[in-house]
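Encoded as structure tokens, the structure appears first; notes follow it.
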Amino acid sequence: MAITVLVIARSRNLFGVIVLGGIYSFLMATVLVAMDAVDVAMTEAAVGAGISTVLFLGALYLCKSEEAQPVNKPWLPLLVSLAVGAALVYGTVGLPEFSNPQAPIHTHVVPRYLNDIKTEVDVPNVVTAVLASYRGYDTFGETTVVFTAGAGVVALLRRRRNKSKDRKA
Amino acid sequence: MRHDLILRVIAKLLIPFILLFALYVQFHGDFGPGGGFQAGVILAAAVIFYALIYGLADARKVVPEPLVESMMAVGVMIYGGVGVAGLLLGGNFLDYFVLDHDSVHGQHRGIFWVEVGVATTVSGVMLKIFYMFADRGNADDE
Chain A
1 MAITVLVIAR SRNLFGVIVL GGIYSFLMAT VLVAMDAVDV AMTEAAVGAG
51 ISTVLFLGAL YLCKSEEAQP VNKPWLPLLV SLAVGAALVY GTVGLPEFSN
101 PQAPIHTHVV PRYLNDIKTE VDVPNVVTAV LASYRGYDTF GETTVVFTAG
151 AGVVALLRRR RNKSKDRKA
Chain B
1001 MRHDLILRVI AKLLIPFILL FALYVQFHGD FGPGGGFQAG VILAAAVIFY
1051 ALIYGLADAR KVVPEPLVES MMAVGVMIYG GVGVAGLLLG GNFLDYFVLD
1101 HDSVHGQHRG IFWVEVGVAT TVSGVMLKIF YMFADRGNAD DE
């Protein structure tokens, strides 16, 4: 994955970058499977590697396939992103170990989900039960976000198309 | 590319299985990994695949644009409708256990319809975005 990221950052050929982005998503999906998050891995493979690659290719079709040479060397942004990355890594040091059963997240609501799901919801996949039932409000919000994003894209792109029609007329 | 025989035959072979897999992910989400979001994306991917091989015009004939646009809104309305149905039946917003005499069955019913709503919105939005992008490319060609 590190190699993919480095090549993406160095490359100027956008087609290659898009393909590498898809590869990165698939690698990410395998990592998520290794961490037993199958639902998330499936989403990553379908959305990250599938749909977004196709959408990027569609966008690439509209523009040039070579990235323009930047005017100045972006040292300040590089410094900022390195600092933020270092801060995040420093933050993970304070997190409890992966799959530590005594971690706060496993002692708060998780026992209730795991113990009562049989009598309350009776759905074998706990992820689905939490997502759609216990956290129904959140998922409703997410669906609305997806809808809003789609509506925004429709609003933006459609107006552009009408304008170009006006120009032709 | 429009007349590539191998691609056309393979696509025709594959697309039914992709659609079937989307339905499997949708309705088997209670038991295995998956759910509305993933199923919606796979459903959209099947249509996008069709559009890539057979061209946008044919895909528009199969899945017309007004249908896609209404899918975007209808999905959210299904989700919200489940919430309002719970409200009307005497529970709180998005309470599922009032949807049936048996509270566990009510949960099943609620989750099922909520997932249907999510899948409808997600596939609608994905398809609409794809149509928009592909359409702009075509408009530039003309």
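In order, the protein sequences belong to chains A and B. For the first sequence, our numbering assigns the number 1 to the initial residue and increments by one for each residue that follows. For the second sequence, our numbering assigns the number 1001 to the initial residue and increments by one for each residue that follows. In this text, a Cβ means the ideal position worked out from N, Cα and C, and glycines have one as well. Quantities reported herein were computed from a predicted structural model and do not represent experimental measurements.
In this structure, Q1038 of chain B lies away from A9 of chain A, with their beta-carbon atoms at least 8 Å apart. Per DSSP, the unbroken alpha helix (DSSP H) holding Y90 of chain A starts and ends at 75-93.
Looking at the backbone, the Cα of A1059 of chain B and that of A149 of chain A are separated by about 23 Å. Restricting attention to B:H1105, B:L1023, B:I1042, the CA atom closest to the CA of A129 of chain A is found in B:H1105.
In this structure A1051 of chain B is buried. Its beta-carbon is surrounded by 16 or more other beta-carbon atoms within 10 angstroms.
G21 of chain A is positioned such that its CB atom lies closer than 8 Å to that of T53 of chain A. At a cut-off of 8 Å between beta carbons, Q1107 of chain B contacts chain A. Within the stretch 1006-1077 of chain B, the complete alpha helix (DSSP H) segments at least 4 residues long are 1036-1054, 1056-1062, listed from N- to C-terminus. At a cut-off of 8 Å, the C-beta of T53 of chain A has no neighbouring C-beta in chain B. Judged by beta-carbon spacing, V1118 of chain B lies beyond the 8 Å limit of V1041 of chain B, meaning their Cβ atoms are not closer than that value. Proximity of chain A to Y1079 of chain B at the Cβ level (cut-off 7 Å) is accounted for by F140, T143, in chain order. Boundaries for D1102 of chain B: no alpha helix (DSSP H) harbours it, and the DSSP string shows neither H nor E there.
Where V54 of chain A is concerned, the enclosing alpha helix (DSSP H) starts and stops at 52-62. With its beta carbon at least 8 Å from every one in chain B, G152 of chain A lies outside the interface.
Using a CB distance below 8 Å, the part of the stretch 1010-1028 of chain B facing chain A consists of V1025, ordered along the chain. Taken through DSSP and simplified to helix, strand or coil, N72 of chain A comes out as coil.
For G50 of chain A, the closest Cβ of chain B is nearer than 8 Å. Minimum Cα-Cα distance from L14 of chain A among the listed residues A:M35, A:R135, A:K73, A:A68 corresponds to A:A68.
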